[in-house]
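Numbering (our numbering), first residue to last: 9 to 159.
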């Protein structure tokens, strides 16, 4: 939504609802990291910009020819690997192995006065570098160390 806000702020109009359709048209035709726009993936072509509506069409006039060409093109489309731009690592305390009890991160809610962690819960064992088994409601549960903190 940051791109949407930035594009709306670029217009001199104070009423954002008046420029929303133009901004959305531009964002949907904007090429992404893969080199194609969302519109090209959805429709197989770009949307016509308002100035292009009155220009003659360059493509095939027969819909059957267009459909056949589109199907042929879609058969040749291969997935494109879109790499992660950055990998945010969670802060992990070093002394997790020495603690006997942990707090478990509570599910996110909209209540501002709700406690962010529940527990303490007994540590049963460390499964691997990123996972610990703790006792939650009298049952063993495997939890990522990103969701716990020492008691």
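Ideal Cβ positions, reconstructed from N, Cα and C, are used throughout, including at glycine.
Checklist line | Among 114, 129 and 102, the one whose alpha carbon lies nearest that of residue 108 | finding: Of the candidates 114, 129 and 102, the residue whose Cα lies closest to the Cα of residue 108 is 129.
Notebook entry, point to check: residue 27 by DSSP, collapsed to three states: which one?
Noted result: Reduced to three states, the DSSP call for residue 27 is helix.
Next item on the list: Assuming residue 78 and residue 52 form a contact by the criterion Cβ under 8 Å, report the distance between their Cβ atoms to the nearest whole angstrom.
Entry: Rounded, the Cβ-Cβ distance is 5 Å, consistent with contact.
Note to self: Considering only the alpha carbon of each residue, which of 28, 13 and 158 lies closest to residue 106?
What the structure shows: When only C-alpha atoms are compared, the closest one is 158.
Note to self: Can you find the residues in the same chain that come closer than 7 Å, C-beta to C-beta, to residue 143, ignoring five residues on each side of it along the sequence?
What the structure shows: Setting aside the 5 residues that flank it on each side, residue 143 is surrounded in the same chain by 129, 130 and 132, each with a C-beta closer than 7 Å to its C-beta; the list follows chain order.
Next item on the list: Measuring alpha carbon to alpha carbon, tell me which of 140, 11 and 111 ends up nearest residue 32.
Entry: In terms of Cα proximity to residue 32, the closest of 140, 11 and 111 is 11.
Checklist line | For residue 81, the first and last residue of its enclosing alpha helix (DSSP H) | finding: Unbroken alpha helix (DSSP H) run through residue 81: 71-84.
Margin query: With the cut-off set at 8 Å, would you say residue 104 and residue 153 are in Cβ contact?
Written below: Yes, Cβ-Cβ distance for residue 104 and residue 153 is below 8 Å.
Item checked: Given residue 126 as reference, the closest of 141, 110 and 139 once Cα atoms are compared -> Residue 110 is the option with its Cα nearest to residue 126.
Checklist line | Supposed contact pair residue 56 and residue 46 - C-beta distance, whole angstroms, cut 8 Å | finding: About 15 Å; that fails the 8 Å criterion.
Check: How many angstroms separate the CA atom of residue 8 from the CA atom of residue 16?
Finding: Here the chain covers residues 9 to 159 and nothing more, so residue 8 does not appear.
Next item on the list: Go ahead and label residue 156 buried or exposed: buried means 16 or more other beta carbons lie within 10 angstroms of its beta carbon, across all protein chains shown.
Entry: So residue 156 counts as buried.
Next item on the list: Along the alpha helix (DSSP H) that carries residue 50, what are the first and last residues, could you check?
Entry: From DSSP, the alpha helix (DSSP H) with residue 50 extends over 46-51.
Margin query: Please classify residue 82 as buried or exposed, where buried requires at least 16 neighbouring CB atoms within 10 angstroms.
Written below: Burial state of residue 82 is exposed, judged by a 10 Å Cβ sphere holding fewer than 16 other Cβ atoms.
Margin query: Could you tell me the alpha carbon to alpha carbon distance between residue 41 and residue 19, rounded to whole angstroms?
Written below: Spanning the two alpha carbons is a distance of roughly 25 Å.
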